[in-house]
Amino acid sequence: MKTRSHSKSRLLAVALVGATLSTPPHALAQFNKFKSPSRFKQEASNQANGSFKESDSNQQTFGQRGAQKPPKGEKESKYVQLNPETAFGPEIITSFDFPDTDILELTKHMQKLTGINLILDKDVKGKVSIMAPSAITVGDAWKAYLAALNMAGYTLVKSGEFHKVINARDVRYTPTSIYTGAYTPDTEAHVMKILALKNVDASEISRNFRPFMSRYGRIIDIKQTNTIIISDTGANINRLERLIKFLDVPGFEESLQIIPVKNSSAQEIAKLLDEILKESSGSSSRSRRGSRSNSAPRISGGQKGSNISKIIAEPRTNSIIAMANAEGARQLRDLINKLDVKLVSQSAGRIHVHYLNYGNAEELAKTLNQLVSGATPTRSGSAASRSRLIRGRSNDDDSLFSDEVKVTADKNNNALVVTASPTDWLTLKNVISKLDIPRDQVYVEGIFMETSLTKVRSFGVEYLGAYGKGAAQRGGFLSPGEGGLVDLITGNPTSLSGFLSVEAVEEQSKSLTLLVEIRSLLVQ
């Protein structure tokens, strides 16, 4: 009796299920032939325990009303099994044709099939067409439904136990599911993903990946943590993640670079490098269609793969400190080697001493200071001059000197002490050389003679002379009489009394020397 009663109960349950399947709703006529092996072909152990097979712990099960098998005599769930997050639905649908169907009607059909709770925006409208004459799984049908929503400008967002159908342009204002690990659902619904980059620059990824975003997708970068945030469909985020994984490899990471400067000022070189690289980066950005200018401090060099984020001058060691990757560091060193050259005939210091040959240091210092005071210094000297040289043009409004210049006179040494940059010193030195020239002079030669006056009536003369290598001759006379002057005037000096002519000591001489001393002069 028990066996017969048990058989009758089983037949009754099958009859009830058959009745349910044989009278489907009119709107779901195309789903009346789906196969569900997982529902009706449970293993014997599960039937004996009276429970359904558990799904993956990370997946939600839909289309089931409870964790236990319903009691005998009750019909099973009318909904198919579906995980909207992963689009997992193994059951088969023989036909999924919806030609020129209103979106609202299609949404109602999917709700009746899957049993999910939906909230529809009042503005949801429009028509789509889905054609799938061959058999597909419930998961594929769900993906097709979400794709049709995206094409019409709508998207599906999970909110607790409900799913909201909203306009896709409003998804940025709507909370969506956030994923941070390796897993991202492969779905057409909008989700948010946070990716931390290790080797590549987040701003570069953000700028270059914008063309790959969907119509209402967004990507932003966080400079401080080198992280990007993507809001897009799960399927598109998965595609972008594969690209980023291929690009985010070692070799592009930045490191600290210290480059010594030997012949120039590190501060001037750093300023010049900033100008060169920023202008190069700006030109590259303008050449790319649709790209915005990057105001971040990171600088992409003109060469492929080079990245330089910061350049700092260290004056104590006269070095350049930079944050750059390997290619950026190589580019920096090449530029510094070309700029850090020793200028001809100049020292690298700022204090210069110049000794004058003909001019007066004090007067020349006044002239130079007047010249300097009329010139307004520009930005640092070498950088300014090199910048004009590289740009290939000269600014007529530039000052005479690129930096502050001071000129001081050293009276004792007849020298000028100049404080100026190397380039300014070359300019001043050229001016000084044109001012420090010999002047026209008059040569004056005189003979000093000693005279003594006495009241006597005599006079005398002494002389000493020699010619060539001959012996020196010495002579003279002394006349005490009154006729001495008459005899001398009449040309008879030998008659003068006291005439002396003696031979002096022989001396080596090349010229005739005559020393005359007037001993006395007749005074009345």
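Numbering (my numbering), first residue to last: 6 to 529.
Beta carbons: idealized from backbone N, C-alpha and C, even for Gly.
- Going by C-alpha positions, G144 is about 18 Å away from F167.
- Between N330 and N312 the beta-carbon gap is near 5 Å, inside 8 Å, which marks them as a contact.
- In this structure, the CA atom of T322 is about 10 Å from the CA atom of K267.
- A Cβ-Cβ separation of about 19 Å leaves P255 out of contact with N213 under the 8 Å criterion.
- In the three-state DSSP reduction, R247 falls in the helix class (H, G or I).
- At least 9 Å separates the beta-carbon of I325 from that of I281.
- Here the C-alpha atom of P95 lies approximately 51 Å from the C-alpha atom of S314.
- Straight-line measurement puts the Cα of A201 at about 28 Å from the Cα of D279.
- In the three-state scheme derived from DSSP, where H, G and I count as helix and E and B as strand, M454 is classed as coil.
- Annotation for M115: no beta strand (DSSP E) segment contains it, though the alpha helix (DSSP H) segment containing it runs 108-119.
- Restricting attention to D126, M136, L123, the CA atom closest to the CA of A152 is found in M136.
- The DSSP-derived three-state label of G239 is helix.
- Exclusion of the five residues before and after T232 leaves I199, L200, A201, L202, A207, D226 as the residues of its chain whose Cβ lies within less than 8 Å of its Cβ.
- Following the DSSP letters along the chain, one finds Q262 inside the beta strand (DSSP E) bounded by residues 260-265.
- Proximity to A334 across Y221, F93, A271, Q262 peaks at Q262, based on C-alpha coordinates.
- In the three-state reduction of the DSSP assignment, E368 falls in the helix class, which pools H, G and I.
- Counting along the chain, the unbroken beta strand (DSSP E) around R223 starts and ends at 223-227.
- In the DSSP annotation of this structure, the continuous segment of the alpha helix (DSSP H) that includes I437 starts and ends at 427-440.
- Excluding residues up to 5 positions away in sequence, L87, P89, A92, G94, M115, T119 lie with their Cβ nearer than 8 Å to the Cβ of W147 in the same chain.
- Restricting attention to L433, N418, N419, the CA atom closest to the CA of A425 is found in L433.
- By the criterion of a C-beta distance shorter than 7 Å, R223 is surrounded in its chain by R177, S236, once the five residues flanking it on both sides are discounted.
- Separation of the CB atoms of T181 and M197 is rounded to 5 Å, and the pair is thereby assigned contact status at 8 Å.
- Only buried fits I242, as 16 or more other CB atoms lie within 10 angstroms of its CB.
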